[in-house]
Amino acid sequence: MSTLGSFLPRESEYLVLEPGSLYTKAGIADNLNPPAMVQTGGVLARLLVVAGTSGEFPHRGQPTRSSTNQNQLNNDPDPSSGPFFPQTAPTATALVSPSSSATAAAPEPGSEALPTYVFEPLPPDVDAIRPVKEGIVVDWPALTAFWKHLLITLGMRRARNTSAVLLSLPITWSRTDSERAAQILFEEFNVPCVYVVDQPLAVSCGCNCTTALVVDIGHETTDIVPIVDSTIIRHATFTLPLGGRDVDRILARSLANDEEFVTALGKAPDVNDARAVKEAGGVDASARGGLDGQPVGKLNIEIDGKKLSIDLSHSACIDVLVEPDAFGVNVLSIPAAISLAVTSAVEAERRQSLWENIILTGGSGQLKGLRQRLEHEMAPFIAATETSNEYQPKEIKWRDIPEYITELKSRPQDAGFIGASILAKVCGVKMRLTFGTDYNEMGPAAVYLKA
4 MSTLGSFLPR
14 ESEYLVLEPG
24 SLYTKAGIAD
34 NLNPPAMVQT
44 GGVLARLLVV
54 AGTSGEFPHR
64 GQPTRSSTNQ
74 NQLNNDPDPS
84 SGPFFPQTAP
94 TATALVSPSS
104 SATAAAPEPG
114 SEALPTYVFE
124 PLPPDVDAIR
134 PVKEGIVVDW
144 PALTAFWKHL
154 LITLGMRRAR
164 NTSAVLLSLP
174 ITWSRTDSER
184 AAQILFEEFN
194 VPCVYVVDQP
204 LAVSCGCNCT
214 TALVVDIGHE
224 TTDIVPIVDS
234 TIIRHATFTL
244 PLGGRDVDRI
254 LARSLANDEE
264 FVTALGKAPD
274 VNDARAVKEA
284 GGVDASARGG
294 LDGQPVGKLN
304 IEIDGKKLSI
314 DLSHSACIDV
324 LVEPDAFGVN
334 VLSIPAAISL
344 AVTSAVEAER
354 RQSLWENIIL
364 TGGSGQLKGL
374 RQRLEHEMAP
384 FIAATETSNE
394 YQPKEIKWRD
404 IPEYITELKS
414 RPQDAGFIGA
424 SILAKVCGVK
434 MRLTFGTDYN
444 EMGPAAVYLK
454 A
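In my numbering, the protein residues as written are 4 to 454.
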């Protein structure tokens, strides 16, 4: 094996990349500090006019940072020369249309319009480029530019790159998507080695269990993935088009009808305001579904320095996750999909091991009272009957991040990042890394053939 093929990066140089529809988590493999959360849609495209055959650099005066043009990607820009990409606050970005004379040059004879991707704040009334929608990549050039800016910000240097990348991918990504992601990392970022892992497996590793049912409630989709002996049971996996986006929309409509809230906020609430209310603890899932009877009272929160009182009746927005048909959404509810996943994954005598190891993760999975609400809704699926046998599950149990990971044990939404960080330091994984020599010999498929 060549020197490059036998190279093992230092643990301190592993980068974990976990793409998502709303946010992408990235950072050095470390289970002591939370990852940077960056809005996946933080990409601005502007049309440039580039000579079709001469390969000339874009016209002077046009933005050139993080372009997908190959000549520009071969450069290694200093991240200090441009604005630092925010770790938490979303950046309003948009695709500037060709008709925008302020940002697009007029095409010249013999030239073609190519987008270049930059990262700048824009007015909030423009549409953002979203490379990932509903768990699927829809714009690879924009995603490539986003990763380039993000990884360079984390300290990666293309010219002399010693940073291995552990790529934690959603279960909805196909094998072709995974291979293309690996191709981008090798060819555009010159990484020495790559390891690809499914996010549900990383989540189970972060919670220190080999058999579990991972329920990942994201922004646009919910993934329900049974794992048995560290193996994903793919035929029993469900991806539902339900997530935090649906909660935000219903909550925004509900808040808009609350005159007291509108007066306190000073404007008509939109989806972003509803998301801020939700993330500030303004909804309580346990106040619905008969747990506490008819919800009464208010929740006091603070947003942007404003103290607001949210009536508990607005917590009805959570119902879309457990009773989607009541809102005209013709999909399985999360409790029903969980039951089907368990019964489809294993035989009866092993189902109890899944019911007793449910991991609730994802940003939208951390809503106040959601565990209690889901447990209440799932109770009928495990209720004992006259035909029940000794394999009938007795109760539902939740798995959390272990207590010994003290710094992040209260952040179940980061279980995937923690698990990926642990995997990066496991000797067995190091022997299954895909190196540049493997990629040169086998192509992008090496990420699977090597494993």
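C-beta: ideal position from N, C-alpha, C; glycine also. Given the structure is predicted, the values throughout are model-derived calculations rather than measurements.
If you draw a straight line from the alpha carbon of residue i to that of residue j, how long is it in whole angstroms?
i, j, result
"K301", "Y26", "30 angstroms"
"L374", "R402", "Sequence inspection shows Arg at residue 374; the Leu mentioned does not correspond to that position. When rounded, the distance between both Cα atoms is 11 angstroms."
"V286", "G308", "19 angstroms"
"W176", "V135", "10 angstroms"
"M445", "L169", "19 angstroms"
"N367", "H222", "The sequence given here has Ser at residue 367, not Asn. Distance between the alpha carbons of S367 and H222: 7 angstroms."
"P405", "L258", "38 angstroms"
"H238", "A288", "30 angstroms"
"F438", "C196", "4 angstroms"
"G85", "F149", "Model confidence at G85 stands at a pLDDT of 33, short of 50, so the residue's coordinates are unreliable; what they give is reported in the following sentence. Using only the alpha carbons, I get a separation of about 14 angstroms."
"L370", "A185", "34 angstroms"
"R133", "E350", "40 angstroms"
"G269", "L146", "37 angstroms"
"F384", "L216", "15 angstroms"
"I174", "N260", "38 angstroms"
"P415", "F330", "28 angstroms"
"A271", "Y407", "45 angstroms"
"I313", "F264", "7 angstroms"
"I306", "G372", "20 angstroms"
"R256", "A382", "30 angstroms"
"A423", "Q355", "27 angstroms"
"V332", "L357", "28 angstroms"
"F189", "S166", "11 angstroms"
"N193", "T440", "12 angstroms"
"D33", "K281", "29 angstroms"
"T214", "I253", "35 angstroms"
"E182", "V200", "12 angstroms"
"N72", "V450", "Caution is warranted here: a pLDDT of 34 is assigned to N72, below 50, making its placement in the model unreliable, and no coordinate value can be reported."
Tell me residue i's beta-bridge partners as DSSP assigns them.
i, result
"E21", "K28"
"T437", "V197"
"I230", "A215 and I235"
"N303", "S312"
"F241", "I227"
"S171", "V200"
"L268", "Answer is none; L268 lacks a bridge partner."
"T364", "D219"
"I139", "K136"
Compute the beta-carbon to beta-carbon distance between residue i and residue j, rounded to the nearest angstrom, for a pair I have assumed lies under 8 angstroms.
i, j, result
"G138", "T224", "5 angstroms"
"D251", "T364", "No, D251 and T364 are not in contact; Cβ-Cβ is about 19 angstroms, not under 8 angstroms."
"L315", "A290", "5 angstroms"
"V19", "F420", "6 angstroms"
"I227", "A340", "5 angstroms"
Using three-state DSSP, classify residue i as helix, strand or coil.
i, result
"C210", "coil"
"Y198", "strand"
"S181", "helix"
"G55", "Unreliable positioning characterises G55 in this predicted model, as indicated by a pLDDT of 33, which lies under 50. The coordinate reading is nonetheless provided below. Coil at G55, not helix or strand."
"I341", "helix"
"I132", "strand"
"V429", "coil"
"V325", "helix"
"W401", "strand"
"R414", "coil"
"P396", "coil"
"V280", "helix"
"A448", "helix"
"K151", "helix"
"G372", "coil"
"G285", "coil"
"A319", "helix"
"T409", "coil"
"D251", "helix"
"N333", "coil"
"L157", "coil"
"K453", "coil"
"A205", "helix"
Let's test the definition: count the other Cβ atoms within 10 Å of the Cβ of residue i and tell me whether it reaches 16, buried, or not, exposed.
i, result
"L452", "exposed"
"N443", "exposed"
"S24", "buried"
"E380", "buried"
"V274", "exposed"
"Y198", "buried"
"S171", "buried"
"V429", "exposed"
"S413", "exposed"
"S207", "buried"
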